[in-house]
Amino acid sequence: MILTAMIILGVLVYIIGTVFYRGLPALTLDMVTKVPGGGFYLGKEGGVLNAIIGSLYIIFGALAISTVISVPLVMYINFYLPAKSLFASIIRFSLDILFGVPSIVYGAFGFALMIYLGIRASLLGGIITVAMLIMPLMMRSLDEVTRLLSRDLPDALLSLGATKYEMIKVILKQLIPGLITAILLAIGRGIGDAATVLFTAGYTDNIPDSLSSPAATLPLSIFFQLGSPVEEVQNRAYASAIILTVMILILSFSARYFSSKFSKHKI
Amino acid sequence: MRRLRVIKDKTARYLMVLIAIFTLLLLLVIGISLFLKAFPIMKEKNLWVLLSSSNWKPFKGDFGFLPFILSTLYVSLIAIIIALPFSILTSIYLNSYASRTVRRLFEPVIDLLSGIPPVIYGVWGTLTVVPLIAGKIAPRFVEFSTGYTVLAGGIVLAVMIIPLLISIMVEVFRSIPQAMTDASLSLGATKWQTVKKVILRKSFPGIIAAVVLALSRAFGETMAVLMVCGNITQIPHSVFDACYPLPALIANNYGEMLSMPSYESALMFSAFLLFIIVVLFNGLSRFTLNQIEKRYQFS
Amino acid sequence: MITQQMALIPDNSVIEMKEPTLLKKVINNQSIKIEHLDVYIEDHHILKDINLTIPEKSITCIIGPSGCGKSTFLKTLNRMHDETPEVKISGKVFVDDENIYSPGVNVIDTRKKMGLLAQRPCPLPMSIFDNVAYGPRIHGIKRRKALNQTVIQYLQYVGLWDEVRDRIRTSASRLSIGQQQRLCLARGLAIEPEYILGDEATSALDPLSTKKIEELFIKLREKYTIILVTHTLRQARRIADHIVFMYLGKIIESGPTEEFFKNPKKQLTKEYLSGSFS
Numbered sequence: 000m001i002l003t004a005m006i007i008l009g010v011l012v013y014i015i016g017t018v019f020y021r022g023l024p025a026l027t028l029d030m031v032t033k034v035p036g037g038g039f040y041l042g043k044e045g046g047v048l049n050a051i052i053g054s055l056y057i058i059f060g061a062l063a064i065s066t067v068i069s070v071p072l073v074m075y076i077n078f079y080l081p082a083k084s085l086f087a088s089i090i091r092f093s094l095d096i097l098f099g100v101p102s103i104v105y106g107a108f109g110f111a112l113m114i115y116l117g118i119r120a121s122l123l124g125g126i127i128t129v130a131m132l133i134m135p136l137m138m139r140s141l142d143e144v145t146r147l148l149s150r151d152l153p154d155a156l157l158s159l160g161a162t163k164y165e166m167i168k169v170i171l172k173q174l175i176p177g178l179i180t181a182i183l184l185a186i187g188r189g190i191g192d193a194a195t196v197l198f199t200a201g202y203t204d205n206i207p208d209s210l211s212s213p214a215a216t217l218p219l220s221i222f223f224q225l226g227s228p229v230e231e232v233q234n235r236a237y238a239s240a241i242i243l244t245v246m247i248l249i250l251s252f253s254a255r256y257f258s259s260k261f262s263k264h265k266i
Numbered sequence: 000m001r002r003l004r005v006i007k008d009k010t011a012r013y014l015m016v017l018i019a020i021f022t023l024l025l026l027l028v029i030g031i032s033l034f035l036k037a038f039p040i041m042k043e044k045n046l047w048v049l050l051s052s053s054n055w056k057p058f059k060g061d062f063g064f065l066p067f068i069l070s071t072l073y074v075s076l077i078a079i080i081i082a083l084p085f086s087i088l089t090s091i092y093l094n095s096y097a098s099r100t101v102r103r104l105f106e107p108v109i110d111l112l113s114g115i116p117p118v119i120y121g122v123w124g125t126l127t128v129v130p131l132i133a134g135k136i137a138p139r140f141v142e143f144s145t146g147y148t149v150l151a152g153g154i155v156l157a158v159m160i161i162p163l164l165i166s167i168m169v170e171v172f173r174s175i176p177q178a179m180t181d182a183s184l185s186l187g188a189t190k191w192q193t194v195k196k197v198i199l200r201k202s203f204p205g206i207i208a209a210v211v212l213a214l215s216r217a218f219g220e221t222m223a224v225l226m227v228c229g230n231i232t233q234i235p236h237s238v239f240d241a242c243y244p245l246p247a248l249i250a251n252n253y254g255e256m257l258s259m260p261s262y263e264s265a266l267m268f269s270a271f272l273l274f275i276i277v278v279l280f281n282g283l284s285r286f287t288l289n290q291i292e293k294r295y296q297f298s
Numbered sequence: 000m001i002t003q004q005m006a007l008i009p010d011n012s013v014i015e016m017k018e019p020t021l022l023k024k025v026i027n028n029q030s031i032k033i034e035h036l037d038v039y040i041e042d043h044h045i046l047k048d049i050n051l052t053i054p055e056k057s058i059t060c061i062i063g064p065s066g067c068g069k070s071t072f073l074k075t076l077n078r079m080h081d082e083t084p085e086v087k088i089s090g091k092v093f094v095d096d097e098n099i100y101s102p103g104v105n106v107i108d109t110r111k112k113m114g115l116l117a118q119r120p121c122p123l124p125m126s127i128f129d130n131v132a133y134g135p136r137i138h139g140i141k142r143r144k145a146l147n148q149t150v151i152q153y154l155q156y157v158g159l160w161d162e163v164r165d166r167i168r169t170s171a172s173r174l175s176i177g178q179q180q181r182l183c184l185a186r187g188l189a190i191e192p193e194y195i196l197g198d199e200a201t202s203a204l205d206p207l208s209t210k211k212i213e214e215l216f217i218k219l220r221e222k223y224t225i226i227l228v229t230h231t232l233r234q235a236r237r238i239a240d241h242i243v244f245m246y247l248g249k250i251i252e253s254g255p256t257e258e259f260f261k262n263p264k265k266q267l268t269k270e271y272l273s274g275s276f277s
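Chains as they are written, first to last, in numbering that gives the first Met the number 0: chain Z, 0 to 266; chain R, 0 to 298; chain W, 0 to 277.
Following this line, the structure appears as structure tokens:
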């Protein structure tokens with residue numbers, strides 16, 4: 000049993016190690032500061048700044064949408080609906096299911112939706128689709144910390160004559176660390192997913208300048224570079240993979256840090 | 000002043016109700032719109048033919064999904080077969096044997112494994128798993144294999160679902176009342192006997208639920224599998240054959256095939272298929288897990 | 000930050016403020032009258048036909064073994080059961096001659112009349128100053144000067160001002176638990192209630208803090224009607240003017256403190272006072 004645990008740990012190290020081992024030699028400053036130049040996909044100069052910026056635009060856009068929807072929803076099912084409400088459990092159940100829907104299905108649905116609305120593959124399309132992907136995760140994670148909150152604070156606020164809306168504004172302050180954790184988890188999932196943005200965000204060598212222009216993303220950039228027969232381009236794929244992995248690692252550790260800080264604050 | 004406060008409160012409440020309804024409807028809207036998009040092909044062809052034919056010639060209007068369905072099943076099953084023993088043993092270890100420090104050290108490992116993006120798994124798979132199969136494993140059994148195979152997909156997928164399996168199983172094991180294991184231990188049973196007779200037996204439904212959940216995750220995984228499984232339309236006859244799972248089919252062809260309505264509809268059909276299966280699997284296992292949680296919460 | 004703090008170091012006129020100005024208006028004719036109150040939680044009949052008049056400007060202690068419905072009763076007075084739909088309430092509760100359960104009564108107004116001191120102190124996740132200022136703020140006091148004055152007044156009143164004047168902008172969660180409870184009292188007083196409800200308000204506190212709170216209650220009695228739920232008979236004896244003894248959801252006996260402890264009329268009361276059950 001210790002062996003299996005060690006193997007799992009080993010695989011993690013192996014994965015990260017492989018990516019770093021193959022990618023580090025190709026990881027230059029150009030990679031993160033330049034957009035692809037002419038002949039980039041044949042091994043000529045340039046970087047993946049377009050994909051980095053594109054990924055960031057998409058994830059922050061998606062984050063804005065999904066936070067605006069998630070926070071009220073979680074507050075609603077925790078503080079407006081009674082503790083044993085059937086409606087609340089139906090919502091929680093459907094969140095569980097939404098969480099399990101594969102990203103490729105979100106991608107296909109997002110694309111169908113965009114055709115219906117007349118939007119081309121663009122930054123906006125990517126933002127909407129990724130927002131749908133990360134929303135269930137955010138809601139569930141925020142819901143979990145909210146449920147742990149003791150009833151004392153809401154009761155104290157209500158007994159002062161606060162309306163529920165005023166009560167929630169104060170409770171949210173208490174929930175900030177939990178919200179940050181939820182946001183970081185959502186970023187982690189959203190930024191690494193390729194299948195959602197495959198048809199919805201398009202791909203371009205430029206940095207997107209408006210919501211309706213197509214946007215490159217890091218996972219797709221890795222995928223496309225890896226598909227190239229030129230070895231240098233493949234190596235760059237590994238370097239891009241390092242960039243993505245490092246972003247994820249940072250997010251993951253900060254999420255952990257915030258959630259532990261939160262539990263300390265609780266006790 | 001007070002009226003303004005009450006109005007604000009009411010407005011906020013209505014907005015929240017709207018959002019709640021919207022969230023509930025999202026699942027329905029996704030399902031219905033996928034169905035509507037898939038409807039033309041289902042009207043055109045017999046549903047059974049779509050599912051059981053292996054004749055895939057989109058440009059001639061033949062859409063047989065059997066190769067893709069079987070590919071998906073094979074890859075997922077191999078993933079589960081590899082991942083399950085690892086996950087069960089590790090969860091038992093974490094739950095019953097490991098010290099608190101080890102447990103706390105292991106948490107971020109699980110978190111990180113589940114946080115690594117699929118595309119990185121794909122990169123890792125093409126760098127290590129694929130050459131390993133092509134160079135070392137496959138030659139012992141078959142004459143030639145590119146390495147881009149069912150097995151490669153299965154291995155990569157196994158690593159991806161292990162964190163999910165472990166985190167659910169640890170929860171399930173934890174839900175078994177301490178009193179029950181204590182009772183067994185105090186009767187003189189060894190730790191391993193207790194694990195076998197009490198913990199595993201008691202948590203059997205939970206383990207099944209976890210497996211079903213992991214299966215549904217495996218069905219839908221796109222990028223990582225696509226990068227290592229070869230993407231050749233055929234019914235794989237051995238684990239060293241290339242395969243072409245449903246999500247990869249959608250990813251590779253959708254978006255470019257809008258000029259052919261029946262092809263697009265066929266791809267939407269596969270998305271719909273995926274959606275239905277995943278929703279059913281997910282629903283069932285989540286329901287079971289929720290029941291388990293409830294049963295032990297107040298006892 | 001610094002400028003805010005500067006503004007808070009009060010000029011003498013503020014700090015010299017004496018207690019008589021505490022309540023802007025001393026409200027006369029406070030009255031709470033309960034008629035035929037029944038409370039059900041799901042299928043359990045928690046409170047059975049409660050009829051009670053609370054004497055004004057005095058301390059009424061509700062005693063009884065745990066599970067007798069004391070806290071449930073207290074919550075009916077500021078309609079905190081509104082939050083739990085399983086609770087069904089019938090009967091009438093008149094506060095200032097208005098039935099708070101009749102339709103059209105605004106729950107905010109009712110709660111504003113009642114300052115609640117809970118079992119465990121629960122400071123809001125904000126600074127000490129904002130904790131006290133929260134109530135007045137939501138009820139419409141926006142002017143900084145007025146707020147400062149209110150906050151300082153009530154902190155002085157509960158004897159916390161001298162202890163916290165240097166760190167008034169720091170988080171309230173860093174105070175000791177006894178200080179937190181006094182802060183909660185100040186916070187409750189700052190909404191200018193007429194009644195004060197205490198739900199075992201000292202059970203989490205050390206003896207010294209308990210004493211401080213008890214002294215405050217006695218001081219507050221001059222202007223407020225106070226209703227306390229307590230599980231210690233000694234506390235009831237020390238501070239109460241009137242005692243209400245509840246058992247299994249019913250009022251068994253009630254009366255002035257001295258009378259109640261010296262000459263209990265009911266057999267059940269005698270047994271409870273002698274400690275044969277609790």
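The beta carbon of each residue, even a glycine, is placed where N, CA and C say it ideally should be.
Residue state for Ile234 of chain R is assigned as coil, using DSSP reduced to three classes. Counting C-beta pairs closer than 8 Å gives three or more between the stretch 110-122 of chain R and the stretch 241-250 of chain Z, which meets the contact rule. One alpha carbon belongs to Lys249 of chain W, the other to Ser65 of chain W, and they sit about 13 Å apart. Tyr246 of chain W is bridged by DSSP to W:Lys249. The beta carbon of Gly205 of chain R is closer than 6 Å to those of Val171 and Ile291 in its chain, skipping five residues each way along the sequence. Contact annotation: in the stretch 1-32 of chain R, residues whose CB is within less than 8 Å of a CB in chain W are Arg1, Arg4 and Val5.
Take Ala117 of chain W, set aside five residues on each side of it, and the residues of its chain with a beta-carbon closer than 6 Å to its own are Asp198, in chain order. Note that the stretch 71-84 of chain W touches the stretch 26-40 of chain W; at least 3 beta-carbon pairs, one per stretch, sit closer than 8 Å. If you draw a straight line from the Cα of Phe93 of chain W to the Cα of Lys218 of chain W, it comes to about 25 Å. The three-state secondary structure of Lys163 of chain Z, taken from DSSP, is helix.
Within the same chain, Cβ atoms closer than 6 Å to the Cβ of Ala254 of chain Z are found at Thr180, Leu183 and Leu184, the five residues on either side in sequence being excluded.
Check the Cα spacing between Ser183 of chain R and each of R:Val108, R:Thr193 and R:Pro176: the tightest is with R:Thr193. Residues of chain W whose Cβ lies closer than 7 Å to the Cβ of Glu165 of chain Z are, in chain order, Ile137. Between Ala171 of chain W and Pro122 of chain W, the CB-CB gap stays under 7 Å. The beta carbons of Pro213 of chain Z and Thr203 of chain Z sit closer together than 7 Å. The beta carbon of Tyr223 of chain W sits closer than 6 Å to the beta carbons of Ile195 from its chain, once the five residues preceding and following it are set aside; these are given in chain order. Note that the C-beta distance between Ala189 of chain W and Thr149 of chain W is below 7 Å. DSSP places Ser70 of chain W in no beta strand (DSSP E) but in the uninterrupted alpha helix (DSSP H) bounded by Lys69 to Leu76. Within the same chain, and ignoring the five residues on either side of Val211 of chain R in sequence, the residues whose Cβ sits closer than 7 Å to its Cβ are Phe280, Leu283 and Ser284. In the displayed model, Asn50 of chain W falls within a strand according to three-state DSSP. Taking one beta carbon from each stretch, the stretch 83-92 of chain W and the stretch 267-276 of chain W have fewer than 3 pairs nearer than 8 Å; the two do not touch.
Nearest Cα to Phe78 of chain Z within the set R:Thr148, R:Val5, R:Arg12 and R:Pro176: R:Arg12. Non-local C-beta neighbours of Asn205 of chain Z in its own chain, meaning closer than 7 Å and more than five positions away in sequence, comprise Val34 and Asn49, ordered along the chain.
Taking all protein chains in view, the Cβ of Arg188 of chain Z is crowded by 16 or more other Cβ atoms within 10 Å, so the residue is classified as buried.
The beta carbon of Lys91 of chain W sits closer than 6 Å to those of Glu34 and Asn98, all from its chain and outside the five residues before and after it, given in chain order. In the structure shown, Met41 of chain R falls within a helical segment according to DSSP collapsed to helix, strand and coil. The beta-carbon separation of Ala223 of chain R and Gly121 of chain R, rounded to 4 Å, stays under the 8 Å limit for a contact.
Taking C-beta atoms as the reference points, Ala151 of chain R and Val129 of chain R count as a pair closer than 7 Å. A buried status is given to Thr71 of chain R, since no fewer than 16 other beta-carbon atoms sit within 10 Å of its beta-carbon.
In the DSSP assignment, Tyr194 of chain W falls within the unbroken beta strand (DSSP E) covering Tyr194 to Asp198.
When secondary structure is reduced to three states using DSSP, His241 of chain W falls in the strand class. Restricting attention to R:Ile31, R:Lys7, R:Asn230 and R:Ile81, the CA atom closest to the CA of Met159 of chain R is found in R:Ile81. Bounds of the alpha helix (DSSP H) holding Cys183 of chain W are Ile176 to Leu188. Boundaries of the beta strand (DSSP E) harbouring Asp37 of chain W: Ile31 to Ile40, taken from the DSSP string. When the Cα atoms are used, Val12 of chain Z and Lys135 of chain R turn out to be separated by approximately 22 Å.
For secondary structure counted as the alpha helix (DSSP H) over 4 or more consecutive residues, the stretch 99-186 of chain W holds these complete runs in sequence order: 106-112, 127-137, 143-156 and 160-163.
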